[in-house]
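There are 2 protein chains.
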Amino acid sequence: MPTGTPDAKKALILFNPSGKRGRFPLGTTVLQAARELGVDIDSMCGGRACCGRCQVEPLEGTFAREGMISSPAHLGDLSETEHSGLSIGILRDGNRFSCQAKIMGDVRIDVPPDSQIHQQVVRKEYEAHPIELDPVIRLYFTRVSEPDLEHPDGDLQRLKQALERDWGLSGLDIDLSLLQTLQSTLRESDWQVTVAVRDETRIVAVWAGLKDQIYGAAVDVGSTTIAVHLCDLSSGEVMASAGAMNPQIRYGEDLMSRVSYTMLNPEGAGQLTTLVRSAINKLLMSVIEQANIDTSHVLELTLVGNPVMHHLLLGLDPTPLGSSPFTLATDQAIEITARTLDFDLAAGARAYILPCIAGHIGADTAAVLLAETPWDLDEISLIIDVGTNAEIILGNHERLLVASSPTGPAFEGAQISNGQRAAPGAIERVRINPETLEPRFKVIGGELWSDDPGFEGELDAQGVTGICGSGIIEAIACMYLAGIIRSDGVINGAMTNRSPRIEASGRTFFYLLHSGKPEIRIDQSDVRAIQLAKAALYAGARLLMDRLGVDKVDRIRLAGAFGSHIDVKYAMVLGMIPDCALEQVSSANNAAGTGARIALLSKSSRREIENRVRNVERVETAIDESFQKLFVDALAIPHATQAFPMLSRVITLPPVSGNHTKRKRRSND
Amino acid sequence: MPTGTPDAKKALILFNPSGKRGRFPLGTTVLQAARELGVDIDSMCGGRACCGRCQVEPLEGTFAREGMISSPAHLGDLSETEHSGLSIGILRDGNRFSCQAKIMGDVRIDVPPDSQIHQQVVRKEYEAHPIELDPVIRLYFTRVSEPDLEHPDGDLQRLKQALERDWGLSGLDIDLSLLQTLQSTLRESDWQVTVAVRDETRIVAVWAGLKDQIYGAAVDVGSTTIAVHLCDLSSGEVMASAGAMNPQIRYGEDLMSRVSYTMLNPEGAGQLTTLVRSAINKLLMSVIEQANIDTSHVLELTLVGNPVMHHLLLGLDPTPLGSSPFTLATDQAIEITARTLDFDLAAGARAYILPCIAGHIGADTAAVLLAETPWDLDEISLIIDVGTNAEIILGNHERLLVASSPTGPAFEGAQISNGQRAAPGAIERVRINPETLEPRFKVIGGELWSDDPGFEGELDAQGVTGICGSGIIEAIACMYLAGIIRSDGVINGAMTNRSPRIEASGRTFFYLLHSGKPEIRIDQSDVRAIQLAKAALYAGARLLMDRLGVDKVDRIRLAGAFGSHIDVKYAMVLGMIPDCALEQVSSANNAAGTGARIALLSKSSRREIENRVRNVERVETAIDESFQKLFVDALAIPHATQAFPMLSRVITLPPVSGNHTKRKRRSND
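Structure follows, in structure tokens:
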């Protein structure tokens, strides 16, 4: 596999949405590179440029985080078959056939969904969670008096009189756009209408006759995936869900890449705003179609996302979030019409965006708080939401602290040599026999372990394509437990004697997890990447514990997709999270999405979270003097019963091999 | 002049914006018809289709009030010179050269401003009126603390903290569109900004550095003319004014024609809305340019108009206003962003539209009330705003009544054989010598009377073109005073012996006011039209007096352009208005425009008018049983000292010639 240091005769190619990348000799076709990297590109004709299935879109722009200026010019000229593909309309304008386009320089390639064999599996799904129903919109049926010359009141006034008479509602407001349709609705309905009133202050819809269904949608705007849940506002029931990749991924996998893209490309922020809004709109239309309901009945949205997603969604400049002091445009909740965000909903439909908390701690964290309500407990909760950064919440009914820790994207499979996002073909579970050092693993999309009979047959043609976040964590933890990795993170070269799976690569060593194509190796740089990430996470948690003045936490909740898939034991072996009774460590599942749904269904929950976030103590890891020290201390892989007494109850740890970092951390406990 | 009953070989042609119309033999060119009707169309080449100046736009649509389906097809085919005019771009697409286009059927023709020799004189002008300054928007300069990592508050929050600290403002809201620019404004300004706060609740603009000027505009949307006054909100000073014809006139001169146009043409209401909004927008841009100020500093608008103008401006369906029970969409004041109305102002700029009162009594009447404040007085005021309908307000601090009386457009010169709007060339003042029966008159655009030396030379080439509302009223009053018209309104045929100016036309007679081209005659149908209009006006006033239980009013205020130009004596001779000491009858000038300006400059005046209109008693003339009787009684031209004792003090009235209508009215007094 073509990794390693840059080479004058090689160029970097980066594929979206998989995020796979590699360096290839100039002249390599895009399809060849994709095959070698295990990128999912369809092709039926075997590279003869006649099936049109392998077409891809080269992206133009400056991608600073990747040190790359991508330009279609970095591909060779259009081939003759591409010219004829264009003329007969098989090849879309601006696209290339990946079997024809030759890499002539660094280039970023978007693989459109219809050129992929497998659609990405979007893991964010709806999870049941009891929510007290108290929707912001209620329906009222009323009979409006007919106009007459003796009492020349306007249509709106007579409607308001009827609502006051029948329902005790007064002082209601209305949008002009709705007033523009009120006259005909009243007349068509023979003066009997159902009125949707929002927050007891505003008429947001009027329908002829009796209606008893209104809907809303909770939208979780992740950097990687977007999930939409359509809910019946009367019952709270989820009617339909849909998810999709966040199309902004084309312009940078991680948040800071997108921020830097907007800084370097004048139209960049606008592009990203348009992309995410239109993706959400598509998902909204999709859930409405799934549920087979009338679009005009969808009147309320709640949206959550990290600060960069939040700003890009709202058309706010994310640039100040890209550098210290990481200033938000606003940390208040925002309420606007859905049409302001370009969603094709009724003019009266409104969107509520939960408040952000600080420059790294967004509306998604506010939603996690709302889902977890740590303020209800005496016990100290540690809530961790692992994404590109890890948001960490610590506290109980007395006091709550929150921080963001710069874990980087390694836990998501990025910056790992064979890393990839959680998608079919990715290794997600790993075990290593401490005696034989032989591995067994499970792959997303399959039910069997790699040493089960029929394992290969169960996988699709793509086979094993890489390793995702939970896989790499388990792999490294198991390598450590098997003695392949020392406590300081060095892959022990002496182990080459015990198994051919441990091999040298220059001055360092790697472990061969899978010998297929591509080969899946865990090398020294992978271990280092995970060490840095887990040290940042642990140090963040410790910092908050020190601030709160506690030595241990009573419970740990792991939020997000990562939190639901990780095997907690292995996370603890690596020292990602503080020691805690394992039965007190649990997944909060998609807490951000749940929080969005709570805000959708409960008006009072919005006031609650707005008030709570004002009293949360925001801790900035970047300027805390002790954080750096905690971070260095946390780099080692722990195994001491002193440091993790709970862990030692459930797992056999290797014998202590004294190392300075562990001692340093202990001295801070 | 070609008037009279329809003729199979003649077709009706109607010109906008003058409103002039006539029937012409098929084959007559549009320019010929225009010349005969005195319509202002430029032509330099004398009809050789080479100057391009006479081009006009044929309008398509069904114009029910005129009993006309107008279609460009009702003109002859394009001539060769028109084809070449099109090809070289002199003739705009859809237009015709009026010297070439032949009338082949009923047709409505719009004369674009650049094809007119004279621009219409727009009479609505700004009038000084003391107003208590209390603008809805105030400016605040503040220094915002710089963001820092220790206190990760958002930009908006630090701005709000600064406004609270420096100015005691709290709980402020902001539009998303302004939030989108806040980040860069704060950074560009080195954190020192001027903030415009509306109603102490909403941030509507933020500028870098210190600013001390904000502006607003008062907009009077008349059916005929639109007037805009740009005001400095800090001083109340009018910076610039501009007026224009309401371009909706192309689709119907009077309100009901426009309503019927929207009923018959599916896109009609939308067209009319677009037209009026874009005309207002042009005027706004024009006053901003005149005053040489920054558009972003114009943050507030107030708008007034009658119910149909109000609805069309707001995009509300005017159809229900066209038939009983004349129901408004809303009778509340409306507050929206200026951009909702398609005005090219700052995103934060807002428009306040005064409340309508009833189906015939609009925001313009609310504005008249605000300008006149009859509730401040012990005396009974009668306030009359004459337009297509007359709005009548009666009362004092105890009680206020309001009604609309169906005068029709005769007072505006419509439905009068040589009638026209107040524009250059229109006779506006008339005197008739009771001995010789010879007339003298004055024309708009000239200073001299027609018997002054040099009168002809003073007028432009167009000469005398017609007679406008004030002219026809004075003419008929003088004819009555000279005995040419009897009290029952009949032109006295016996007078043909006394002067050649009185001539027979079939079984009735007319008075020849002016023998030029066109001839200006006052015929029996003109007298009848004015009789109907003045009876409606008088009956409306009497109805309110009866309701209020008063026999006389203490003061009369005449609002609107008509009110400022009419000679009150002659109005009283005709019996248009109740008897009142002449020194207590005065012009309220453009009270609607003044009211709009008051609402612009004074926040409290908005609350006042909103509350006042709720307590105004609305009287519907159409369903009042006594109105019809009052109307019939008021048809005669009065002259009895019993009925008009005040009048007899200032004018010599002809001897009483007993007639039944006068007695009937007297019996009701």
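Same order as they appear, the protein sequences are chains R and V.
By my numbering, the letter at position 554 of the first sequence is numbered 1941, and the numbering carries on one by one without gaps.
By my numbering, the letter at position 143 of the second sequence is numbered 1530, and the numbering carries on one by one without gaps.
Glycine included, each C-beta is placed from N, C-alpha and C at the ideal position.
Small disclaimer: the values here were computed from a predicted structure and weren't measured.
Against chain R, a Cβ distance below 9 angstroms from residue 1780 (chain V) picks out nothing, because the smallest value is about 15 angstroms.
For residue 1660 (chain V), no beta strand (DSSP E) run applies; the uninterrupted alpha helix (DSSP H) run containing it begins and ends at 1655-1678, by DSSP.
At least one CB atom of chain V sits nearer than 9 angstroms to the CB of residue 1536 (chain R).
Beta-bridge annotation (DSSP): residue 1538 (chain R) is paired with R:1535. In terms of Cα proximity to residue 2001 (chain V), the closest of V:2019, V:1918, V:1748 is V:1748. For residue 1915 (chain V), the uninterrupted alpha helix (DSSP H) segment begins and ends at 1911-1935.
Judged by pairs of C-beta atoms under 8 angstroms, the region 1721-1741 of chain V does not touch the region 1767-1776 of chain V, as fewer than three such pairs exist. Within the same chain, and ignoring the five residues on either side of residue 1724 (chain R) in sequence, the residues whose Cβ sits closer than 6 angstroms to its Cβ are 1737. In the displayed model, residue 1787 (chain V) falls within a strand according to three-state DSSP. At a beta-carbon threshold of 8 angstroms, the residues of chain R lying near residue 1711 (chain V) are 1536, ordered along the chain. Cβ-Cβ separation between residue 1913 (chain R) and residue 1803 (chain R): approximately 5 angstroms, consistent with a contact (criterion under 8 angstroms). Beta-carbon to beta-carbon, residue 1704 (chain R) and residue 1656 (chain R) are separated by about 6 angstroms, close enough to satisfy the 8 angstroms threshold. Per DSSP, the unbroken beta strand (DSSP E) holding residue 1616 (chain V) starts and ends at 1612-1619. For residue 1427 (chain R), the closest of R:1847, R:1652, R:1536, R:1754 by C-alpha to C-alpha distance is R:1847.
Distance from residue 1911 (chain R) to residue 1853 (chain R) at the Cβ level is roughly 18 angstroms; contact not present, criterion being Cβ atoms closer than 8 angstroms.
Residue environment: residue 1482 (chain V) is assigned as buried (16 or more neighbouring CB atoms within 10 Å of its CB, all protein chains considered). In terms of beta-carbon proximity, residue 1718 (chain R) lines the interface with chain V, with at least one pair separated by less than 9 angstroms.
For chain V, none of the residues of the region 1662-1685 of chain R brings a beta carbon within less than 9 angstroms of one of its beta carbons. For the pair of segments examined, the region 2001-2012 of chain V was found not to touch the region 1627-1636 of chain V: the number of CB pairs separated by less than 8 angstroms stays below three. Annotation: residue 1612 (chain R) to residue 1632 (chain R) spans about 4 angstroms, alpha carbon to alpha carbon. Rounded to whole angstroms, the separation of the alpha carbons of residue 1429 (chain R) and residue 1501 (chain R) is 8 angstroms.
Judged by DSSP secondary structure, residue 1403 (chain V) falls within the beta strand (DSSP E) whose first and last residues are 1397-1403.
Note: residue 1941 (chain R) is not bridge-paired with any residue in the DSSP secondary-structure output. Taken through DSSP and simplified to helix, strand or coil, residue 1643 (chain R) comes out as helix. Around the Cβ of residue 1475 (chain V), a 10 Å sphere holds fewer than 16 other Cβ atoms; the residue is exposed. DSSP places residue 1527 (chain R) in the uninterrupted beta strand (DSSP E) bounded by 1524-1530. It is roughly 49 angstroms from the alpha-carbon of residue 1958 (chain R) to the alpha-carbon of residue 1583 (chain R). Looking at the DSSP output, residue 1603 (chain R) sits in a beta bridge with R:1618, R:1687. Using a CB distance cut-off of 9 angstroms, residue 1574 (chain V) counts as an interface residue toward chain R. Against chain R, the beta carbon of residue 1764 (chain V) has no neighbour under 8 angstroms; the closest one sits roughly 26 angstroms away. With a threshold of 9 angstroms between beta carbons, residue 1874 (chain R) makes no contact with chain V. DSSP places residue 1576 (chain V) outside both helix and strand once states are collapsed to three, so it counts as coil. By DSSP's assignment, residue 1457 (chain R) forms a beta bridge with R:1448. Within the model, the alpha-carbon separation for residue 1777 (chain V) versus residue 1757 (chain V) is close to 17 angstroms. Residue 1755 (chain R) and residue 1979 (chain R) have their C-alpha atoms spaced approximately 5 angstroms apart. The distance from the Cβ of residue 1790 (chain V) to that of residue 1930 (chain V) is about 6 angstroms, consistent with a contact at the 8 angstroms cut-off.
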